[in-house]
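S.K.: The opening residue of the sequence shown carries number 142 in my numbering; numbering runs sequentially from there.
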Amino acid sequence: MTDEQRQLSAMIVSREDVVAWMWRYTTAQWNRFFGLNVSRVHDLLYVGGEFRADQWPQLRMIGIRAVLSLQAEREDVFDGPPPERVLRLEVIDFHPPTIEQLHRAVAFVRDAHADGLATLIHCHAGVGRAPLTAAAYLVAQGATSVAALEQVRRARPIIGLNERQMQRLIEWEQAVRGYLL
142 MTDEQRQLSA MIVSREDVVA WMWRYTTAQW NRFFGLNVSR VHDLLYVGGE FRADQWPQLR
202 MIGIRAVLSL QAEREDVFDG PPPERVLRLE VIDFHPPTIE QLHRAVAFVR DAHADGLATL
262 IHCHAGVGRA PLTAAAYLVA QGATSVAALE QVRRARPIIG LNERQMQRLI EWEQAVRGYL
322 L
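1. Measure the alpha-carbon distance for G257 versus V159 and round it to whole angstroms.
2. Do Q212 and R201 have their C-beta atoms closer together than 9 Å?
3. Tell me whether A194, by its Cβ, gets closer than 8 Å to a heavy atom of the ligand FAD.
4. Cutting at 7 Å between CB atoms, please list the residues of its own chain near V182, excluding the five before and the five after it.
5. How many Å lie between T285 and S155 at the Cα?
6. Considering only residues of the segment 242-290, which uninterrupted alpha helix (DSSP H) runs meet the minimum length of 4 residues and lie entirely inside it, listed in chain order?
7. What whole-angstrom Cβ distance do R270 and V232 have, given they're in contact under 8 Å?
8. Taking only the alpha-carbon atoms, compute the straight-line gap between V280 and L243 and give it to the nearest angstrom.
9. Checking the sheet assignment: what are the DSSP bridge partners for I205?
10. Report the three-state DSSP secondary structure of V218 (helix, strand or coil).
11. Less than 9 Å between the beta carbons of V268 and I311, yes or no?
12. If I measure Cβ to Cβ from A253 and keep anything under 6 Å in the same chain, skipping five residues before and after, which residues do I get?
13. In the structure shown, what three-state DSSP assignment does Q315 receive?
14. Do the CB positions of I205 and V247 come within less than 9 Å of each other?
15. CB L209 to CB H263, shorter than 9 Å?
16. Determine the direct distance from the alpha carbon of G283 to that of E157, and round the result to whole angstroms.
17. What would DSSP say about R297, mapped onto helix, strand or coil?
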């Protein structure tokens, strides 16, 4: 093999390299055009989708200090100082959290807010599990499930709870109001 052939051979890009480059490029463009996948429900409550470790400093800059992940499929990784509080509740995508998981989630958010910590509730896309859990927190604060969902939807119009998730929110409201406890 000649030197020129070796140089050309070294320039050949593998399929994996192309896929990795496309992923980096697409992610950079997504962030450039759309920013973080997070929506502010109120001063201390944010709902969103998953984030990369290198996006954590941006989330921290907007004031988020506590993170509640509902992803069974992935653990959060943080570049720089981690959040002051983290809770991961493993909920399979397209499924609702259990009533026990909602109790734990609401207690986590309530305690973080009592200490003045803005909290991000997230799942993979921020469409089902996280909005449901944010609505459950609002229900525990006194809102009806309809009012809670409307508040979350105003902040994040892309939410789309499926039938099981909607049913769980109704069960949660009944449990909070004492009908099933």
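By construction, the Cβ of each residue, glycine as well, lies at the ideal position given by its N, Cα and C atoms.
Every value quoted in this text rests on a predicted model; they were computed, and no experiment measured them.
M.R.: Working from what's here:
1. For the purposes of this step, residue 257 is taken as residue 116 along the sequence shown, with counting starting at 1. For the purposes of this step, residue 159 is taken as residue 18 along the sequence shown, with counting starting at 1. The alpha-carbon separation between G257 and V159 amounts to approximately 45 Å.
2. Taking the first residue of the sequence shown as position 1, residue 212 is located at position 71. Taking the first residue of the sequence shown as position 1, residue 201 is located at position 60. Taking 9 Å as the cut-off, the Cβ atoms of Q212 and R201 do not count as close.
3. Of the ligands one can find in the structure shown there are none, so the ligand FAD has no counterpart to examine.
4. Within the sequence shown, residue 182 is the residue found at index 41, counting from 1. Around V182: V188, A275, Q292, V293, A296.
5. Numbered from 1 along the sequence shown, position 144 holds the residue referred to as residue 285. Numbered from 1 along the sequence shown, position 14 holds the residue referred to as residue 155. Looking at the two C-alpha atoms, the distance is approximately 54 Å.
6. Positions of the alpha helix (DSSP H) runs, each at least 4 residues long and wholly inside the segment 242-290, are given as 270-281 in order along the chain.
7. Position 129 of the sequence shown, counting from 1, holds the residue named residue 270. Position 91 of the sequence shown, counting from 1, holds the residue named residue 232. In this structure R270 touches V232 by the C-beta definition: roughly 5 Å separates them, less than 8 Å.
8. Your numbering for residue 280 matches position 139 in the sequence shown. Your numbering for residue 243 matches position 102 in the sequence shown. Roughly 11 Å separates the two Cα atoms.
9. By one-based count along the sequence shown, residue 205 stands at place 64. A259, per the DSSP bridge assignment.
10. Residue mapping note: residue 218 aligns to position 77 of the sequence shown, counting from 1. In the structure shown, V218 sits in coil (DSSP, three-state: anything other than H, G, I, E or B).
11. Position 127 of the sequence shown, counted from the start, is the residue given in the question as residue 268. Position 170 of the sequence shown, counted from the start, is the residue given in the question as residue 311. Here V268 is not near I311, since their CB atoms are 9 Å or more apart.
12. Along the sequence shown, one-based indexing puts residue 253 at 112. A207, R226, T260.
13. Position 174 of the sequence shown holds residue 315. Three-state result, Q315: helix.
14. As a first step, residue 205 must be located in the sequence shown, where it is residue number 64. As a first step, residue 247 must be located in the sequence shown, where it is residue number 106. Not a contact, by the Cβ cut-off of 9 Å.
15. Locating residue 209 in the sequence shown gives position 68, counting from the first residue. Locating residue 263 in the sequence shown gives position 122, counting from the first residue. L209 is a Cβ neighbour of H263, given a cutoff of 9 Å.
16. Working through the sequence shown from its first residue, we reach residue 157 at position 16. Working through the sequence shown from its first residue, we reach residue 283 at position 142. If you take the alpha carbons of E157 and G283, they lie about 51 Å apart.
17. Within the sequence shown, numbered from 1, the residue matching residue 297 stands at position 156. Three-state DSSP puts R297 in coil, outside helix and strand.
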